[in-house]
Structure formats: C-alpha cells, structure tokens
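Heads up, the thing below is written out as structure tokens.
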C-alpha cells in the first residue's frame, strides 16, 4: 500500500477508535442517569410507604411481614431493624 493509503487507513482507524470511545462515554452517562433515576424512585416510594405505615396499621403489618420474609442480608436487616423488631406486626 502506498504511503498515502497507510495514512488514510491510520486516520480512519483513529477516528473509529475515537468514535467508539465517545460511544462508551455516552453509554456510561446513560447508565449513570438510569441508576440515579432508579435511586430517586426508590427514595420517593420508600418515603411514601414509610409515611403511610405511620397511619395505616394494616399496611404496616403487611410491610413488616414482607421485610421479615424478604430482607435476608444482615446489613439490610440492620437498616430496617426498627420494623423487624416491632411487636405490632
């Protein structure tokens, strides 16, 4: 291949790599935004349920039963211990 062809090939290869790098960065930004949105949803949902549990004993009992059944990791159980250890449910 001629020198000009080698240069063109190298330039195209560099552009392809740069485009791939930009695509990877954009994918990472999208994934981070999706994680952030999911975290916000969980906070809003959790806050809503926690507030409702204060005034609705039936809901409180159902949520506590669900926590006792589904939360198995010690660290997570510690985070919800105030409900797991409550005698109401």
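In our numbering, the protein residues as written are -13 to 75. Glycine residues also receive a C-beta, built at the ideal position from the N, C-alpha and C atoms. Just so it is clear, the structure is predicted and the values come from calculations on it, not from any experiment.
Task: For residue -3 and residue 14, the rounded distance between their alpha carbons - done: Residue 14 and residue -3: Cα-Cα distance of roughly 26 Å.
Open item on the list: For residue 16, count the other beta carbons within 10 Å of its own beta carbon; 16 or more makes it buried, fewer makes it exposed. Which is it?
Closed with: Counting other Cβ atoms within 10 Å of its Cβ, residue 16 stays below 16 and is therefore classed as exposed.
Task: C-alpha gap between residue 22 and residue 30, whole angstroms - done: Taken atom to atom, the span from the alpha-carbon of residue 22 to that of residue 30 is near 12 Å.
TODO: Would you please state the rounded distance, in angstroms, between the beta carbons of residue 123 and residue 35? I believe it to be under 8 Å.
DONE: The question about residue 123 has no answer, for the chain in this structure spans -13 to 75.
- [ ] Below 8 Å on the Cβ atoms is my guess for residue 59 versus residue 70; work out the distance and round it to an integer in Å.
- [x] With 8 Å as the limit, residue 59 and residue 70 do not qualify as a contact, their Cβ atoms being about 12 Å apart.
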